[in-house]
Every structure is written in C-alpha cells, then in structure tokens.
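Anchor point for the sequence shown: position 165 equals 165 in the UniProt record's numbering, and the numbering is continuous, going up by one each time. Take a look at the structure set out below.
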Amino acid sequence: MFFHLVLTTECNLQCKYCFGETLDDFDEDFSGLEIEYSLPKKANYGLKVLADFCGKDPNCVLTFYGGEPFLCTDEIKKIMDLVKSKHFMVQTNGLLLDKLDSNYVNRFHTILVSLDGDEALTDFYRGNGTFRKVVENLKMIIRNGFEGELIARMTVMEQTDIYKQVTWLLENSEFTFRSVHWQLNAGFWGSDYLRRDFKRWSEMIYSPGVARLARFWVDQMEKKGVVYKLYPLLGIANSLLSREKSLLRCGGGWVNYTIQTDGNIIPCPTMWGIKDYYLGHVRDANPLGLRKLFVKRPCTDCDVLEVCGGRCLYANITRRWKDEQYAAVCNTVRELIKAVDTELPRIKSLIKKGVVSQKNFEFIKYNGCEIIP
Ligand code: SF4
Ligand code: SF4
C-alpha cells in the first residue's frame, strides 16, 4: 500500500491556486459533508504507532506530504531511521531541500518537486524568487549524489501553455527533467468556475497543446530513442499498449491512502478533515484491510471509464463544480486519450523496430502522479 504522510498542515508558500483560492472559497458549502477544520499542525500520533502500522505491510511506501514536509526535517529523519518502508518518497515545493542532509535525500526513491514551468510562470503562480531557489536546490542535490527519480510536478490553469512549459522543462539550459507530471486546477474549489475562463481555455488552448505535446513526445522517441516520463501521456500509453483496464489512477481510496496529522486515515490528501471518509486510525487500523472506495456516477456511466479510471475521487464525492461545469474537465480527459491514441500506431511501430521498448512505458504506479490531470 501507498501512504501519504501529512507531516504538517503549514506551508512556507502562498500559491495562487492553493492559498489564494482558499481565501475566495472560505465558508463555501461542502456538499453536506462534516468537516473538521482544527487538525493539529504537526503529526501527533507518535513514531512507534507509525512504525507498528507500516510494519504490518511489507510493501508499505511512504510519501512525505504537507503543507510543506521539509518544515519537519527532524521528523523526516526520525521516520527514515526507524520506520520500515519499501520506498520513501516526498512531495515538496523544493524551497527547503537544502535543509535535509544529503544521506537522507539520497535515500528517496522519488522526489516530486512543484514547478509550473519556466521562471516567469512558476514565480507568477508561486511567488517571486521561488523558481531560482528551487533550481539551485535541485542542482545541489544532484551534485550531492541524488540518483532517484526527480519529477517536475506542475499545477496547470489558464495562464499555462502546456506545450511550451512542458517542453521547456525537458529542454531548457537551467535544469532539465526527464519526468514531468501536471495536474489541472479544476474541480477543487466551489466558486472559482464562474470567475474563470476554464472551458474556453481548455478547448482552445490546453487540449490542442496536449495533442501537440503527444506528437513531440513520440518525435523524441523517434529521434533520440528516449521515452520521457510525461506521466499523463505515459500512463495512458501504458494502458493502451497492455490493454489494461484502469481503476482510479492516483490509487486514492483503494491502494493509496493518506494519514492526517491526527492519525486518521483518509482516501487522499485533498480529503483532509472530511469526517464522513475517515477510514480508521493509524493506531489500530490494518494497512492491508482498509475499506476501499471507488468513484460513482457520472463516472460509472461513462464510456471512457476504463481508460480514465475516474480521474478524481475527491471531485466525484464533493462535486465542487456542477455537472455541466465538470463536463469541461471530462472533455480534457477525452482529448488526452485521443491525443495518445492518435500516436499509438507510431509508438507500436517504434517498439516493433526496437527504437524503444514496451518496458520504457512502465513506471511505479501511485507515486503521486495522478496520471489523469
Ligand atoms: S471522463 Fe469524466 S465522467 Fe468519464 S470516467 Fe473520467 S472523470 Fe468520470
Ligand atoms: S486525483 Fe483526486 S482523489 Fe486522486 S489524489 Fe488527487 S485529489 Fe485525491
């Protein structure tokens, strides 16, 4: 099982799509769900409790999460010293990566670092100076011997040109990534749809950009024999090549859970405080026996469910966007599938010729990349 471990609810940034939206959405109705707003700022259930919990699952994978997890470097060290985990991963804004000793950093299997693209765009969403500091830290961890997977994790909304920004992350001279994941800021907040331009942008700019990116992705396979881990494209291509039917691809609520700061277990980090979905407490729950949750309508009636997987359990339950508004998000899913499917004959031909191998499309699932943006 995979577990996101929320070490702290505090963050050292105030990003537009997170902190900014919280201010605008304050006091919104939450679909009749009972929400606990007063969770402890730091994990309060004790190290031994966590060690005993993870000890019951030989395949336990822990992903440090927040807030910003590197505000808790002492706790991270203690956990990495004492808790048995098959892998340790972390999702971070990258600003404090220099605060953890390299012998711990080098033990991470995967680091997902929040960057939205180039310097101008990252700083626009995340605050001036963010990009430069994060890139300096990334250069430092590589110099210090980090060899795990480094994934640029973008949050995407109307100011983003997806083609330009993803290709920039892969090809710029500052710092190049081979792994990129992006997530749409869509369906998370209750009142943002009406003040935004999501539908027009997603149809006119985002989806055509994804189709162009899929072509670029396969061009790179052709020219360089390299399959960049562009997770939304990679995950779909992997399923289409192996004819796999997918469940919710982030794993939220069925193979990937989250431990809140108070020790309650929830389906995914975004569902913090939703008491109706508390699935047990880390003190006495069995990690292998947790209740499984799956998306309901409209996903269960959808003709692309087996490829999409349902996109987001949180959105499916909380219905922050009305059905007709959320349809614009589903349209992006259809366009993404179409973009990959269009390139599939070229991919198959490259595999047949031995330019790339089907193995290159494999990846560690539930690593924090939700696949469907
Ligand atoms: S496209 Fe939309 S309705 Fe269909 S499965 Fe995905 S999220 Fe659900
Ligand atoms: S896609 Fe939705 S359910 Fe999955 S982790 Fe993200 S917010 Fe949670």
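Even glycine gets a Cβ: it sits at the ideal position worked out from N, Cα and C.
Range covered by the alpha helix (DSSP H) that runs through Ala327:
Residues Asp323 to Lys353.
Checklist entry - So who's on the other strand from Thr63, going by DSSP bridges? => result His4 and Met89
Should Thr332 be listed as close to ligand 2, given that the test is whether its C-beta is under 6 Å from any heavy atom?
no
If I measure Cβ to Cβ from Ser239 and keep anything under 7 Å in the same chain, skipping five residues before and after, which residues do I get? Ser246 and Val307
* To do: With a 10 Å radius around its C-beta and 16 neighbouring C-beta atoms as the bar for buried, classify Met204 as buried or exposed.
  => A residue is called buried once 16 or more other Cβ atoms fall within 10 Å of its Cβ, and Met204, having fewer, is exposed.
### Query
Whose C-alpha, out of Ile266, Ala237 and Arg334, is nearest the C-alpha of Arg346?
Ala237
| request: Please indicate yes or no: does the CB of Pro58 lie closer than 6 Å to some heavy atom of ligand 1? | output: No, since every heavy atom of ligand 1 falls outside the 6 Å radius drawn around the Cβ of Pro58.
- Query: Where Phe88 and Glu244 are concerned, what is the direct C-alpha to C-alpha distance, given to the nearest angstrom?
  - Reply: 27 Å
Q. In chain order, what residues of the same chain have a beta carbon less than 6 Å from the beta carbon of Ala152, not counting five sequence neighbours either side?
A. Annotation for Ala152: Leu115, Leu169, Phe177 and Val180 place their beta carbon closer than 6 Å to its own, counting only its chain and skipping 5 residues before and after.
Exposed unless 16 or more other CB atoms sit within 10 angstroms - verdict on Asp192: buried
Q | Leu305 CB to nearest heavy atom of ligand 1 below 6 Å | A | yes
Requested in this report: Please report the Cβ distance between Ile111 and Leu71, rounded to the nearest whole angstrom; I am assuming they are in contact, meaning their Cβ atoms lie under 8 Å.
Outcome: Rounded, the Cβ-Cβ distance is 16 Å, inconsistent with contact.
- Query: Does the stretch 207-216 come within contact of the stretch 328-342, defined as at least 3 CB pairs closer than 8 Å?
  - Reply: yes
Open item on the list: Does the distance between the C-beta of Gly187 and the nearest non-hydrogen atom of ligand 1 fall short of 6 Å?
Closed with: no
heavy atom of ligand 2 below 6 Å from Tyr326 C-beta:
Set against 6 Å, the gap from the CB of Tyr326 to the closest heavy atom of ligand 2 is not smaller.
To the nearest angstrom, how far is the alpha carbon of Thr63 from that of Phe2?
8 Å
Check your understanding: Where does Gln14 sit, in a helix, a strand or coil, going by DSSP?
Key -> If DSSP states are grouped into helix, strand and coil, Gln14 belongs with coil.
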